[in-house]
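Residue numbers (our numbering), protein chains in the order written: chain E, 1 to 402; chain L, 1001 to 1126.
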Amino acid sequence: MIDIRKHFSIFDARPGLVYLDSGATALKPTSVIDAVSGYYRDLSANVGRGLYATAEETTARFEAIRERTARFLNVRADEIIFTRSTTEGINLLAYILEGRIEPGDNIVVTALEHHSNFLPWKRLAKRCGAELRVVPFEENGSIRPDTARSFVDSRTKIFAFSAISNVFGTPNDVSTIVRTAKALNPDILTVVDAAQAIGHTAVDVRELDCDFLAFSGHKMFGPTGVGILYGKSTLLAALPPYQVGGGMVFDSMADDPTYMDAPHRFEAGTPDIAAVLGLGSAITFIESIGIDRIHAHEVGLATRAVAKLRETFDDTLRILGPTDERESGIVSFTLDGIHPHDIAAILGERDVCIRAGEHCAAPLHRALSLPATARISFSVYNTKADIDRLIEKLWEVKVMFT
Amino acid sequence: MSSLYQAIILDHSKHPRNCGELEHANHHGEAKNPTCGDSLSMDVLTENGLISDIRFQGQGCAISQASASLLTESVKGKRIKAALGLGTDDILALLGVELSPNRLKCALLSLETLKKTLAQDSTDTV
């Protein structure tokens, strides 16, 4: 996908850049950057009540992105809540669900989770006197599709899990997990953290049939500052607001104020308008390439990288998860005798950007008894040459410590 | 940009000096960097206000471990008071590099551990 790179002007500014940290955040195509700056340059109005041309156009464009996002996920526009990030979406959700959890209930999460889909539920369980159940993962880095059979019971209120682990890169069978959990307890609320799936693989929310799903715009070529929380309209209709303030109330003077319907009820205050407009351009960018093509490209590179790493470093290298066919662009590894922070720092000095540490997934690293791992993650703009450069520089690291 | 990983740091991380336990130590202390998980523990033997022997053990990146190795080498035989007076600049001088705020924490873990260790009650006096 050499032609794709021309959309990313950062490669002109930094020709030697090997960016292998798209799991943290994706680089931004020119069209997204233009959408953000174009808003400030040409519109610069607030959304909502303005009765002049730029305000009306801003509101129309903003709401059009809501509809575009809904189509992208195969859901309804009033099921799309604009948030700041995955983290904010899940915290929002944990906040508005508090009234539904009673002492003796339980919340199920997995040991694969990023802290953003772990800590909000841990805190909610503690606040409500509920039990937090942590599902272990399989060797390949996924949870068993029928995992609910061992962890879900009549007192389970919430089952939150990620679509793809941000460390293993292994996808979960979301629709089967949801179906199995619902069969055991139809009242359970299923929450999917799609941060590492969105923009990398097709996400048809109707088909997954989860109740809630959250992701960030910036991991799918969009700007930072915007995320999406999807919620089934029937559920959102019965849930209380999160923050209260401007843009979400009918009668603020009443003793018991009346609030607008979803999604605006959950969007108090001025949103990051530029970021939302940028998100729209990110969806256009993804659709212009095709999600299946993106997925195939990333999986191809990850599979190749794993093969090359193993060939070069033999048994001094440990790959987390499958060593043959990969199922996403994320690969985590360790090298004997070299701390992952040193690997990342030395590669960083050579313009090869990878990530090292716990990747905000302490439960996962505890379960594996690893203090840290090194992670590479691919996107559309990566090439086979990036892998060659990674291997070459990683070899230099190894030599330094031998 | 010059590399953080100078010969001296690589040498001390690959061949740490004063590494292990000290059986007759009269001070023991530990410290951890919660953001990256690096950890150090130190055993110190003090006599007549001097650090007569010191050993460390730890887990973590090359910077944190080399810094511990260099620091133990530098304070061995020195006065406790002098060791307690060491600061950030002294550690940077030992390592011979400039560090970003993130990596500075790695480098300073050794000093934190030493000061905690010396603060422990002991039979010796400063």
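Glycine included, each C-beta is placed from N, C-alpha and C at the ideal position.
Return the bridge partner residues of V192/E from the DSSP annotation. Counting from 1 along the first sequence, the entry for residue 192/E is found at position 192. Note: V192/E sits in a beta bridge opposite F161/E, L213/E.
Keeping to the same chain, check which residues put their C-beta closer than 6 Å to that of T312/E; ignore five residues upstream and five downstream. Here residue 312/E corresponds to residue number 312 of the first sequence, with the count starting at 1. I391.
Name, please, each residue of chain L whose Cβ falls closer than 9 Å to the Cβ of E392/E. Here the question's residue 392/E lines up with position 392 in the first sequence. The contacting residues do not exist; E392/E stays about 16 Å from chain L at best.
Exposed unless 16 or more other CB atoms sit within 10 angstroms - verdict on Y52/E: Start at 1 with the first residue of the first sequence, and residue 52/E comes out as number 52. Exposed, because fewer than 16 other Cβ atoms sit within 10 Å of the Cβ of Y52/E.
P136/E vs D173/E beta-carbon contact at 7 Å: Along the first sequence, read from residue 1 onward, the residue named residue 136/E stands at position 136. Along the first sequence, read from residue 1 onward, the residue named residue 173/E stands at position 173. No, the Cβ-Cβ distance between P136/E and D173/E is not below 7 Å.
Segments of 4+ residues assigned as alpha helix (DSSP H) that fall wholly inside the stretch 90-177 of chain E: 119-128, 148-151
Interface flag, H341/E vs chain L, CB-CB below 7 Å: Indexing the first sequence from 1 puts residue 341/E at position 341. So yes, H341/E belongs to the interface.
Neighbourhood of F62/E by C-beta distance below 8 Å, restricted to the same chain and skipping five residues each side: Counted from its first residue, the first sequence places residue 62/E at position 62. Closer than 8 Å at the Cβ level, and outside the excluded window around F62/E, lie V47, P271, I273, V276, L277.
For chain L, find out if any of its Cβ atoms is closer than 7 Å to the Cβ of I346/E; answer yes or no. What you label residue 346/E is simply residue 346 of the first sequence in a count that begins at 1. Answer yes: the Cβ-Cβ gap between I346/E and chain L drops below 7 Å somewhere.
In terms of residue numbering, what span does the alpha helix (DSSP H) encompassing T1035/L cover? Indexing the second sequence from 1 puts residue 1035/L at position 35. Unbroken run through T1035/L: none, as it is neither H nor E.
Just checking, does the stretch 1066-1079 of chain L make contact with the stretch 1029-1039 of chain L on the three C-beta pairs under 8 Å criterion? no
Check the C-beta distance from I330/E over to S377/E and give it rounded, since I have them as a contact under 8 Å. Position 330 of the first sequence, counting from 1, holds the residue named residue 330/E. Position 377 of the first sequence, counting from 1, holds the residue named residue 377/E. Yes, I330/E and S377/E are in contact; Cβ-Cβ is about 5 Å, under 8 Å.
So, using beta-carbon positions, are T1072/L and I1091/L closer together than 7 Å? The residue given as residue 1072/L occupies position 72 in the second sequence. The residue given as residue 1091/L occupies position 91 in the second sequence. In this structure, I1091/L does not lie closer than 7 Å to T1072/L by Cβ.
Separation of P241/E from L335/E, as counted between CA atoms: By 1-based counting over the first sequence, the position of residue 335/E is 335. By 1-based counting over the first sequence, the position of residue 241/E is 241. L335/E and P241/E: Cα-Cα distance of roughly 48 Å.
For G1060/L, which residues in chain E fall below 7 Å Cβ to Cβ? In the second sequence, counting from the first residue as 1, residue 1060/L sits at position 60. The contacting residues are H339.
What residues in its chain sit with their C-beta under 6 Å from that of I1063/L, if we drop five residues either side in the sequence? Walking along the second sequence from the start, residue 1063/L turns up at place 63. Same-chain partners within the cutoff: R1103, C1106, A1107.
Give a yes or no on whether 7 Å exceeds the smallest Cβ distance from P403/E to chain L. Since the first residue of chain E shown is 1 and the last is 402, residue 403/E is not available in this structure.
Are the C-beta atoms of E63/E and some chain L residue less than 7 Å apart? Sequence index remark: in the first sequence, residue 63/E carries index 63 (1-based). Judged by the 7 Å Cβ criterion, E63/E is not in contact with chain L.
By DSSP, does V380/E sit in helix, in strand, or in coil? In the first sequence, counting from the first residue as 1, residue 380/E sits at position 380. In the structure shown, V380/E sits in coil (DSSP, three-state: anything other than H, G, I, E or B).
What are the residues that DSSP puts in a beta bridge with M1042/L? For the purposes of this step, residue 1042/L is taken as the residue at position 42 of the second sequence. Per DSSP, G1029/L, F1056/L.
Looking at the C-beta of S1003/L, does it have a partner C-beta in chain E at a distance below 7 Å? Mapped onto the second sequence, residue 1003/L falls at position 3. Answer yes: the Cβ-Cβ gap between S1003/L and chain E drops below 7 Å somewhere.
Determine the burial state of R155/E: buried for a count of at least 16 other Cβ atoms within 10 Å of its Cβ, exposed for fewer. Here residue 155/E refers to the residue found at position 155 when the first sequence is read from its first residue. Exposed, by the Cβ-count rule.
Since F82/E is in the beta strand (DSSP E), which residue starts that stretch and which ends it? Within the first sequence, numbered from 1, the residue matching residue 82/E stands at position 82. Counting along the chain, the beta strand (DSSP E) containing F82/E begins and ends at 80-83.
With C-beta atoms as the reference, is C353/E less than 7 Å away from H114/E? What you label residue 353/E is simply residue 353 of the first sequence in a count that begins at 1. What you label residue 114/E is simply residue 114 of the first sequence in a count that begins at 1. The answer is no: Cβ separation not under 7 Å.
What span of residues does the alpha helix (DSSP H) with T303/E cover, start to end? For this step, residue 303/E is matched to residue 303 along the first sequence. Unbroken alpha helix (DSSP H) run through T303/E: 291-313.
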